[in-house]
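Below is one structure; the comments refer to it alone.
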Amino acid sequence: MLCPDANIRNMTEYIIRRLMQSGLVLVAMSVLVFAGVYAIGNPVELLVNPMADEAERARVIASLGLDRPLWEQYLTFFKGALTGDLGKSFVFNVPAVGLILQKLPATIELAFCAMFIAILFGIPLGLWAGLRPDSIPGKAIMAGSILGFSLPTFWVGLLLIMFFSVQLGWLPSNGRGDTVNVFGFEVSFLTADGLSHLFMPALNLALFKLSLIIRLTRAGTREALLQDYVKFARAKGLKASRVVGVHVLKNIMIPIVTVIGLEFGSVIAFAIVTESIFAWPGTGKLLIDSITSLDRPVIVAYLMIIVTLFIVINLVVDILYSVLDPRVRLGQAQGQGGH
Amino acid sequence: MSPVLDVSDLSTHFFTRSGVVKAVEGVSFTLNAGEIFGLVGESGSGKSMTGYSIMGLIDPPGRVVAGTIRLKGEDLTGYDERRWQAIRGNRIAMIFQDPMMTLNPVLRIDTQMIEAVLAHHDVSRDEALCRSREVLVQVGIPSPDERLLAYPHQFSGGMRQRVAIAIALLNKPDVIIADEPTTALDVTIQGQILYEMQKLCRESGTALIWITHDLSVIAGLADKVAVMYAGRIVETGAVDDVLDQPRHPYTHGLMGSVPANNPRGRPLKQIPGMTPSLLSLGAGCAFRERCDRATDQCAAMPALEGDVHAVRCHHPHGARP
Amino acid sequence: MTTAAVQTPFQRIATDFARSRLAIVGLLMLALVIAIALFAPVLSPQNPYDLAQIDVMDSKLGPGEKSMAGKTYWLGTDDQGRDMLSGIFYGLRISLGVGVLSTLLALSLGIVFGLSAAWFGGKVDTLIMRVCDIQLSFPAILIALILLAVLGQGVDKIIIALVTVQWAYYARTVRGAALVERGKEYVEAARGLGLSSTRILFRHLLPNVLPPLIVVATVQVAHAIALEATLSFLGLGLPITEPSLGLLISNGFQYLMSGKYWISFYPGLALLLTIVAINLVADQLRDVLNPRLQK
C-alpha cells in the first residue's frame, strides 16, 4: 500500500494545481468582462450616468481614465477589482460591490433551501423509481420528473402564486419575511413569517433540480443494480435494505454529490427568474433591475462576483470528489504486498 | 452417508418476449461432504444458471419451474426470499468470476466481511472482526489486520479472489459454489488457488461445486464431474472415468480438442458447428447437428443412462473392456 | 444511394416510433402547434396587432364572454381588448419561429466546429473544446442575460443570444459522435480512395453522426423556446412589436392577483403544451434512434 506521506503530497499538489488553474480562469473572465463592458460600444455611455451634464461628463471621463489607452484602463480595472472597487451604482450611488454583497445572503438562503428540498425529495424518489421502474409509482415519478424538467420555471411560479396566493390565500406572493440575525447574517427561515414567504420561491426554484436529481438517482440506481457487487451482496445473504441502503447508495452518492455541487452554482443563476416573480430581494432581482435601468457598474460587479463564486464551487467539488472516492484518494496499488 | 446436497430434476426457464429459454432442464446430481464436483460446459450450457438456481438467485423473467433441491435433507424448493436469505452466505456460499466487480469498490474489506457474519449470527462486531481475521489467515493472506482496513482496488487480482473465498468460508457453509473463479486470473495464481481450495474443502468437509469451461482445471481438482450441453447433463461420473473414457460424443470432442491431446504439427481437432440457441431447441438430442454418430434415432431425446458413469446418448462411445 | 434504400430505415423508424402511444399523442400535439404557427393569420379570429381591429372597451373580458358586437372571445381578452386566442396563435408562431431558427443556426455552427475539432484534432480540437467547456460550465440563462445586457433588445439580438447559448452543446455532441465514426473502417476506405476531407466529412461522416444530433436538436428546440419565453417574461426578450408567449405571460402577470388569470394562464398553457409535446416526441426518438436498443 502507498505510504501515507505520498498520498498527502499528491493531494496538495493537486489542490495547488487546481488553484492556479482557477486563478487563470478568473483573470481570463475579467478580461472578457472588461472587454465586453469597456471596449464594445461607447464606454462613456456605459459608465457615465446618462443624466450628467457636460462638465460632469468631462470630469467622470478624466477620473475614470477613459481617455487613456485601453491596456491602462484594464490595469486600473484590475487593480480596482482586487481591492473590491468596481465602481458605483448609477441608481443607488453606492459602491456596486457592496450593494451586491448586501443582497447576496438572501439569494444564498433561497438557493440553499431550494437545494435542500430538491435533495430531500429527489434522492428517495429517484431510488424508488430505480428499484421499481415498472411499478405505477415508479412510472409516475418519471413522468413527473419529465414535467418538472420541461416546465419553464417562471410558469410554475405563476401557477404557484395563482394557487396558493390567489385561490387559497394561504401564502404571500412576494417579498421576504421577518429575519433573524445569525452570525451576522440575516436569515428568514427561522421565523414563521419568514418561512411562509420562503416556501413558494424555494419550491419553485427546487422543481427543476428536483427533476434532475430524480433522473440521476434513478439512472444510477438502475445501473448499480446490474453490477456484480450487488449479486455478490445478495449471495452473502444480506437483507435487501442493506444491499440498497449501503452497497448501492454509497456507489451512486459519489456522482450525485458531484452533480449537486456543480448544480448549486446554476441554482444561484436560476434564482434570477424566481426572484423576479416573487419579488425576492436578492442579487437576481437586483441584476434584472440593473439591466432594465442600465446600471452597468452593478452588472459588471455581479458578473465578477458570480464568476468567482462559480470557480470556487467547481474547485471545492473537484476536491470533494477526490476525497470521497477511495479509488482516487488512495491511488491504485496493484500487486503491492505479494499474492 | 447421506448426501449434503441432493438436486433432483432441476429445471429453470426464462420467459422472455422472444420465447421460453430452457436454461436448465432436468438436472440431477448429489454431493457428499468434502466432495469436489466439477460442472463443465461452454457458455450458454446452463452451468452458471444451475449454480444460481441452487442459491435461489434466479430473478424474473426466470424461474425454477421444476425439481427439488435438498440441503442436508431440508427441501429448499419454493422458499421465499426471506428464507433464502438465511441460507445464502450461510449454508450455501458462492464465489464469482471477477473479484474486482464482486467486491464493492467503495466499501472497506472489513465492512464487507463483517456484514456477511452479522447477517447470519447474532454476535458483536468485534467477534465478527475476529472471525474475519481468522479466515483471511486460512486463505493465506499475510498481515490480515492491514488488509482489513484496505479497499478492493488496493489488492492484486489473486488476493481479491482469496478475499472472496475467505468471505465464502466465514459462516462455515455446507456447500460452496465457485463460478469460474480462476478464469480471470493468471495461470500461476490459478494453480495456487486450485490447490488451496482443494485443501480447505478436504479439511473442513465443505462440499464444493466448481463451475468451469476448462476441462484441464477439473482434471486435477474434482472427484466427480458432470458435463452440460444446452441446459442438460450429457455425461457424469467419477473424474478419471469421464476424462479417460469419455462416452458422450461432446465430451469425446472436448477431450480431443485439448491441445495436450493433439499430436504436434497437426491442426487442432475441433467440434464442428456452433452451440445451438436455447430458444430454438428441437425435441431431440441438442447435439445431433454437430455429431458424426447421429442417426434418425437421435430425433428423440435420450435419457441419462448409467450407474456411476452415466451418459445421455443413443450412440455413446463404448466403454473399454 | 437510391431512394429505395433510404425508405426502409425511415419506415423502420416510423414503425418503431409508433409503438408508444404517448409519443403519438405528442406528435399530434406538435403537428397541431406547428399548423397553428404556420397558419396563424388565417386561423385567428382577429389580428390582435392591427389597431383597427381591437376595441379597448372589450378589455379584460373573461373567457367565453362576448363583445358588444356579439363576437365571442373564447379565451377572453387582455388589458388592451385584444383577443387572447388570436394573441396566443400569433405568439406561438413567434415563439416557435424563434426557437426553431435559433436551433438550426446553433446546429449549423455546432456541426462546423464539432466536425473541425474531430477531424483536425490536436490544437484545434483542444481550443474548441476548452471554449465549449468554459461556456457550458455557466448556466445558459446567465450567458443570455449578459449578452442581452450588452447588446440590447431586438429579434436579431435574441437569436444571437440563443445561438450563443446552444452551439457549444451541439459542437460537443457532434465531436463525440464524429470521433467514434472517424475510427471506423468506411472512413479509412474513403480516405484510401483519395476523397477530399470536406467530401468525407459531409457526405460520409455527417449522415452517421445525424441520429444523436436529431434527438439533441429536438430537445433543444424546447429549451430554446423556454429560454426565450423566460427572457421575454423578464422584459429582456423580444420587443413588444413581436410578442412571443413569454411576453404575453408577462403582460398578464400583473392581473393575476385581481383574478383575471386568463391573460397569463392561457398563453402559459400553450407554451407548456408545446414544450411537453416536443419532449414526448424527442424521448421516443431517442429510444428509436439509439443503436444499442435495436434488437
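Top to bottom, those sequences are chains H, A and B. Following the numbering used here, the numbering of the first sequence begins with 1 at its first residue and continues without gaps. Following the numbering used here, the numbering of the second sequence begins with 1001 at its first residue and continues without gaps. Following the numbering used here, the numbering of the third sequence begins with 2001 at its first residue and continues without gaps. Glycine included, every Cβ here is placed at the ideal spot set by N, Cα and C.
Spatial neighbours of residue i within its chain, please: C-beta separation below 6 Å, excluding the five flanking residues on both sides.
i, result
"residue 1099(A)", "1160, 1161 and 1164"
"residue 286(H)", "103"
"residue 2111(B)", "2174"
"residue 1052(A)", "1058"
"residue 338(H)", "Because residue 338(H) carries a pLDDT of 36, less than 50, the predicted location of this residue cannot be relied on, and the following value inherits that uncertainty. Result list for residue 338(H): empty, nothing under 6 Å."
"residue 2295(B)", "Note on residue 2295(B): pLDDT 34, under 50, position unreliable in the model; the coordinate value appears next. Here the set comprises nothing."
Below 9 Å on C-beta distance, what does residue i contact in chain B?
i, result
"residue 166(H)", "2256, 2257, 2258, 2259 and 2261"
Please compile the residues from chain H whose C-beta is within a distance smaller than 9 Å of the C-beta of residue i.
i, result
"residue 2244(B)", "Residues of chain H passing the Cβ test: none, with the nearest at roughly 12 Å."
Taking 6 Å as the cut-off, is the beta-carbon of residue i closer than that to any non-hydrogen atom of the ligand COA?
i, result
"residue 1030(A)", "Among the components of this structure there are no ligands whatsoever, and the ligand COA is therefore not found."
For residue i and residue j, I'd like the C-alpha separation in whole angstroms.
i, j, result
"residue 268(H)", "residue 112(H)", "9 Å"
"residue 2266(B)", "residue 2222(B)", "18 Å"
"residue 229(H)", "residue 1228(A)", "27 Å"
"residue 1034(A)", "residue 1177(A)", "13 Å"
"residue 2170(B)", "residue 219(H)", "23 Å"
"residue 2280(B)", "residue 2039(B)", "23 Å"
"residue 1263(A)", "residue 1214(A)", "20 Å"
"residue 131(H)", "residue 231(H)", "14 Å"
"residue 107(H)", "residue 1116(A)", "48 Å"
"residue 2032(B)", "residue 2044(B)", "14 Å"
"residue 1195(A)", "residue 2181(B)", "48 Å"
"residue 2025(B)", "residue 312(H)", "45 Å"
"residue 1188(A)", "residue 1129(A)", "31 Å"
"residue 2220(B)", "residue 22(H)", "30 Å"
"residue 2130(B)", "residue 2147(B)", "20 Å"
"residue 2074(B)", "residue 2085(B)", "7 Å"
"residue 19(H)", "residue 258(H)", "18 Å"
"residue 214(H)", "residue 123(H)", "6 Å"
"residue 2155(B)", "residue 2034(B)", "20 Å"
"residue 2268(B)", "residue 56(H)", "47 Å"
"residue 2115(B)", "residue 2289(B)", "21 Å"
"residue 1281(A)", "residue 2203(B)", "45 Å"
"residue 1168(A)", "residue 316(H)", "41 Å"
"residue 25(H)", "residue 110(H)", "27 Å"
Just the chain H side, please: which residues come within less than 7 Å of residue i by C-beta, in chain order?
i, result
"residue 1089(A)", "235, 236 and 237"
List the residues of chain A whose Cβ lies closer than 7 Å to the Cβ of residue i, in chain order.
i, result
"residue 326(H)", "1106 and 1151"
Please work out which residues of its chain come closer than 7 Å, Cβ to Cβ, to residue i, disregarding the five sequence neighbours upstream and downstream, and give them in chain order.
i, result
"residue 1297(A)", "1314"
"residue 1119(A)", "1089"
"residue 972(A)", "Here chain A has residues from 1001 to 1321 only, and residue 972(A) is not among them."
"residue 288(H)", "272 and 276"
Is residue i close to chain D, meaning its C-beta is less than 7 Å from at least one C-beta of that chain?
i, result
"residue 1228(A)", "Note that chain D does not occur in the displayed structure, where the protein chains are H, A and B."
Kindly list, in the order they appear in chain A, the residues whose Cβ is closer than 8 Å to that of residue i.
i, result
"residue 14(H)", "Here the premise fails: no neighbours, minimum Cβ distance about 18 Å."
"residue 251(H)", "1104, 1105 and 1106"
Under 8 Å Cβ to Cβ from residue i, same chain only, skipping five residues before and after it: list those, please.
i, result
"residue 128(H)", "137, 138 and 141"
"residue 1186(A)", "1157 and 1158"
Report the neighbours of residue i on chain H: residues whose CB is nearer than 8 Å to its CB, in chain order.
i, result
"residue 994(A)", "This structure does not reach residue 994(A), given that chain A is present from 1001 up to 1321, and the question cannot be answered."
"residue 2279(B)", "146, 149 and 150"
- Message: Under 8 Å, with one C-beta from each stretch per pair, do the segment 2269-2286 of chain B and the segment 2116-2127 of chain B reach the 3-pair mark?
- Response: no
- For the segment 1113-1142 of chain A, which residues have a CB atom closer than 7 Å to at least one CB atom of chain H, in sequence order? 1115, 1116, 1119, 1120 and 1142
- Query: With contact counted as at least three CB pairs below 8 Å, one residue from each stretch, are the segment 1279-1294 of chain A and the segment 1244-1256 of chain A in contact?
  - Reply: Contact between the segment 1279-1294 of chain A and the segment 1244-1256 of chain A is present: 3 or more CB-CB pairs across the two stretches fall below 8 Å.
- What are the residues of the segment 214-227 of chain H that lie near chain A, defined by any Cβ-Cβ distance shorter than 7 Å? Taking 7 Å as the Cβ-Cβ cut-off, the segment 214-227 of chain H approaches chain A at 227, given in chain order.
- Contact between the segment 199-217 of chain H and the segment 112-124 of chain H (3+ Cβ pairs under 8 Å): Judged by Cβ distances under 8 Å, the segment 199-217 of chain H makes contact with the segment 112-124 of chain H, as three or more pairs qualify.
- Task: Return the residues of the segment 258-273 of chain H that lie within a Cβ-Cβ distance of less than 7 Å from chain B, sorted by chain order.
- Result: 266, 269, 270, 272 and 273
- Query: Would you call the segment 2233-2246 of chain B and the segment 2090-2101 of chain B in contact, with 3 or more CB pairs under 8 Å?
  - Reply: yes
- Three-pair Cβ contact test at 8 Å for the segment 2103-2110 of chain B versus the segment 2153-2171 of chain B: yes
- Query: Below 8 Å, can you find three or more Cβ-Cβ pairs linking the segment 132-142 of chain H to the segment 2212-2219 of chain B?
  - Reply: Touching, no, given that fewer than three Cβ pairs across the two stretches are closer than 8 Å.
- Message: Under 7 Å, CB to CB, which of the residues in the segment 2203-2235 of chain B have a partner in chain H?
- Response: Residues 2222, 2226, 2229, 2230, 2233, 2234 and 2235.
- Task: Please name the residues in the segment 95-106 of chain H whose beta-carbon is closer than 9 Å to at least one beta-carbon of chain A, in chain order.
- Result: none
- Message: Can you confirm whether the segment 2181-2190 of chain B touches the segment 2153-2169 of chain B when touching is taken to mean that 3 or more C-beta pairs between the two stretches lie within less than 8 Å?
- Response: no
- Task: Would you check if there are 3 or more beta carbon pairs closer than 8 Å linking the segment 1136-1155 of chain A to the segment 1090-1109 of chain A?
- Result: Verdict: yes, contact present.
- Query: Looking at C-beta atoms only, is the number of pairs between the segment 1010-1021 of chain A and the segment 1064-1075 of chain A that lie closer than 8 Å three or more?
  - Reply: yes
- So does the segment 233-243 of chain H actually touch the segment 304-318 of chain H, counting three or more Cβ pairs closer than 8 Å? Because the criterion of three Cβ pairs below 8 Å is not met, the segment 233-243 of chain H and the segment 304-318 of chain H do not touch.
- Message: For the segment 138-155 of chain H, list every residue whose C-beta sits within 8 Å of some C-beta in chain B, in sequence order.
- Response: 146, 147, 149, 150, 151, 152, 153, 154 and 155
- At least 3 beta-carbon pairs within less than 8 Å: the segment 1039-1051 of chain A vs the segment 1074-1086 of chain A: Remark: fewer than three beta-carbon pairs, one from each stretch, lie closer than 8 Å, so the segment 1039-1051 of chain A and the segment 1074-1086 of chain A are not flagged as touching.
- Message: Along the segment 2028-2047 of chain B, where does the CB come closer than 7 Å to a CB of chain H? Name the residues.
- Response: Within the segment 2028-2047 of chain B, no residue qualifies.
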